[in-house]
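Here is the structure we will look at, set down as structure tokens.
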Amino acid sequence: MAYVALSNSKELAFMTENNLINELSIRFGFIGAGQKGNKEADLMASYTYSDGSPCYPTLAVNFSKGDMQHLKNIPVNDQVHFEGFKGAARTPSLVVEAFDPAANPEADELRQQLADAMVRKFMKNDELLVDHIIISAGGGGGFGTGFISVALNLLENDFFPVPVSFLISLPSDDLTEKSNALVLINEIDNFRQLQDELFSAGEIDEKPLGSIILTDNKRMINTFTKRKGDIYETDKVVNWKEAGNHVVLSAIHEVNIIPANFGSDNTTYDPSDLAKLFQNGGGYLSIHKSSIKYDKKINTSLITNSMKGAINNGYFSCDHFYDSASMYGVFILRSESDPLFKDISTELDINSTIKQFNSTAEGKFGDPIWYGDEMVLYSIFSGMIMPERIQQLNIEYTEGKALQEEARKQEVQLDLSAAIDNVQKNKFNPYKKSSTKKSFGSATKGFGSSSAFSRAKEEASVEVEEVKNPITEEPKTSVLSAFAKRREELKNKK
1 MAYVALSNSK ELAFMTENNL INELSIRFGF IGAGQKGNKE ADLMASYTYS DGSPCYPTLA
61 VNFSKGDMQH LKNIPVNDQV HFEGFKGAAR TPSLVVEAFD PAANPEADEL RQQLADAMVR
121 KFMKNDELLV DHIIISAGGG GGFGTGFISV ALNLLENDFF PVPVSFLISL PSDDLTEKSN
181 ALVLINEIDN FRQLQDELFS AGEIDEKPLG SIILTDNKRM INTFTKRKGD IYETDKVVNW
241 KEAGNHVVLS AIHEVNIIPA NFGSDNTTYD PSDLAKLFQN GGGYLSIHKS SIKYDKKINT
301 SLITNSMKGA INNGYFSCDH FYDSASMYGV FILRSESDPL FKDISTELDI NSTIKQFNST
361 AEGKFGDPIW YGDEMVLYSI FSGMIMPERI QQLNIEYTEG KALQEEARKQ EVQLDLSAAI
421 DNVQKNKFNP YKKSSTKKSF GSATKGFGSS SAFSRAKEEA SVEVEEVKNP ITEEPKTSVL
481 SAFAKRREEL KNKK
């Protein structure tokens, strides 16, 4: 797997090998939910400081132990399996109901199990070790999709002491996964819009939902198919899921370590600037990265064209409405001897490029210095509305569902009465010894009337007993919603 990491992020490999990672801009805690989220959490847990200690406290959560068996970097005690469950079978409702006290009398125990794991991993001596939590999941699966829906409910009820962002991948083909993902994104977006109504733009720290980061599996597959011959040997096996996880997680990690570890003799991009982007308050966030080898003659045109290409076609590109972003950030790793960034025209051209995508957003540009053999450009947009890709996904689902229904109309009902009659009249049995002696078994005949191969049809009455599992206790009253608290505060101010 090392070849994927090195090929996808030579920059991160350079920083790691040269012991350049000593601080973080944001102390992220990371929770990977479901199979997809577990794999991303395992990768996040592999990132270390120069002294070898892990950068990010990380948990994997799941209903399925099997999904967590092959994790390499997350200890077993940080793999949270909720007992009594063996998977969610692409049914998010199972997860939501399990954590709902009104539907499951043991829901409080599950919530407490999650809370205990977070206290153990994200706190020490009653002090928080994290400033922000990222929850990662595949949008469309069972547990991951359901867990993010649960997390929204927990956010509303002030369960998390720090802001929470979501990292969600959109499915490519499966209709069930598409419908699950669409319902989830719509639920998140409703939360985002309500949060915008309850909190002012300046109340960033009070907003429970940080950012929503989307990746698109369909685009990821197409990108790696096209790039395979460029970035790998043509006979090399490329697992697009593993490679995709690497490029996404390494990009998040890189933008988090660069402001904290690389200064500038011109314009510094501060860690607080990055924190503001992520905690902007419930909007969609995208990260775009590109690089230019120093063996090329670099000019501002080459830089701005590289930026545009990454924004339009990068791994986080989901047809975002960049003009809806409320904030942006741009920083470019460059050589100390590069004279371009001392020229005012360079910054003006970069700002002009950003304004082609968004002319009103607040933002900052920085040019940190490093000693790699290429210039690396990072552009970040945050606070955006739901991207166009979600509408496209909805169209794909609707059209796919219609085709599926049309195909099912071709089903033909066969008249098998003659064949069944012939089978049932056939009395041949070479093993029959006697009709009077009986042994090993009961006096009942065959399998009953459920099989077409039953030789004698007899009607048998079936008693159906209604089974009820009443909740013996009244569900515990949930913590007063942070949204409700804020709503009351705003009313009192009027």
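Residues in the sequence shown are numbered from 1 upward in steps of one, following full-length UniProt numbering. Just so it is clear, CB atoms sit at the ideal spot from N, CA and C, and this is done for glycine as well.
- The alpha carbon of L274 has as its nearest neighbour, out of L184, G142, S211, A13, the alpha carbon of S211.
- C-alpha of I420 to C-alpha of T398: approximately 40 Å in a straight line.
- Looking at the backbone, the Cα of K10 and that of A41 are separated by about 21 Å.
- Distance from the CA atom of S306 to the CA atom of K364, rounded to whole angstroms, is 18 Å.
- In this structure, DSSP gives D216 an extended state, which the three-state scheme calls strand.
- Here Q279 is buried, its C-beta having at least 16 other C-beta atoms within 10 Å.
- Looking at the DSSP output, S169 sits in a beta bridge with G138, T215.
- Minimum Cα-Cα distance from P101 among the listed residues N22, Q112, L277 corresponds to Q112.
- One thing to note: A181 has its Cβ within 8 Å of the Cβ of G139.
- In the displayed model, Y328 falls within a strand according to three-state DSSP.
- In this structure the segment 245-261 does not touch the segment 190-200; the number of beta carbon pairs closer than 8 Å is below three.
- Annotation: I380 to Y328 spans about 5 Å, alpha carbon to alpha carbon.
- For H81, the enclosing beta strand (DSSP E) covers residues 79-81.
- Cβ neighbours of L416 within its own chain (closer than 6 Å, five residues either side excluded): none.
- Cβ-Cβ separation between E388 and F316: approximately 14 Å, too far for a contact (criterion under 8 Å).
- For M68, there is no enclosing beta strand (DSSP E), as DSSP gives it neither H nor E.
- For T58, there is no enclosing alpha helix (DSSP H); the enclosing beta strand (DSSP E) has its first and last residue at 58-62.
- Looking at the DSSP output, L377 bridges to S290, I332.
- For M386, same chain residues with a beta-carbon under 6 Å away, outside a window of 5 residues either side, are D189 in chain order.
- Boundaries for F191: no beta strand (DSSP E) harbours it, while the alpha helix (DSSP H) harbouring it runs 175-198, taken from the DSSP string.
- Distance from the Cα of N22 is smallest, within the candidate group G52, F341, Q35, for G52.
- In summary, S64 is buried, with 16 or more beta-carbon neighbours lying within 10 Å of its beta-carbon over all protein chains present.
- Per DSSP, the unbroken alpha helix (DSSP H) holding I354 starts and ends at 344-357.
- The beta-bridge partner set that DSSP reports for K72 is empty.
- A distance below 8 Å separates the beta carbons of L393 and K178.
- Assigned with DSSP and collapsed to three states, T48 falls in strand.
- Where I31 is concerned, the enclosing beta strand (DSSP E) starts and stops at 28-33.
- Take the alpha-carbon of V164 and the one of P208: they are about 6 Å apart.
- Secondary-structure assignment with DSSP links K401 through no beta bridge to anything.
- DSSP places M15 in the helix class (H, G or I) of the three-state scheme.
- DSSP, read as helix, strand or coil, puts M386 in coil.
- Around the beta-carbon of V150, 16 or more other beta-carbon atoms lie within 10 Å, marking it buried.
- The Cβ-Cβ distance between K276 and I204 falls below 8 Å.
- Under the Cβ criterion (8 Å, minimum of three pairs), the segment 282-296 counts as touching the segment 367-379.
- Taking C-beta separations shorter than 7 Å and ignoring five residues to either side along the sequence, the partners of L12 in its chain run S250, H253, E254, following chain order.
- H81 has its alpha-carbon roughly 42 Å from the corresponding atom of P368.
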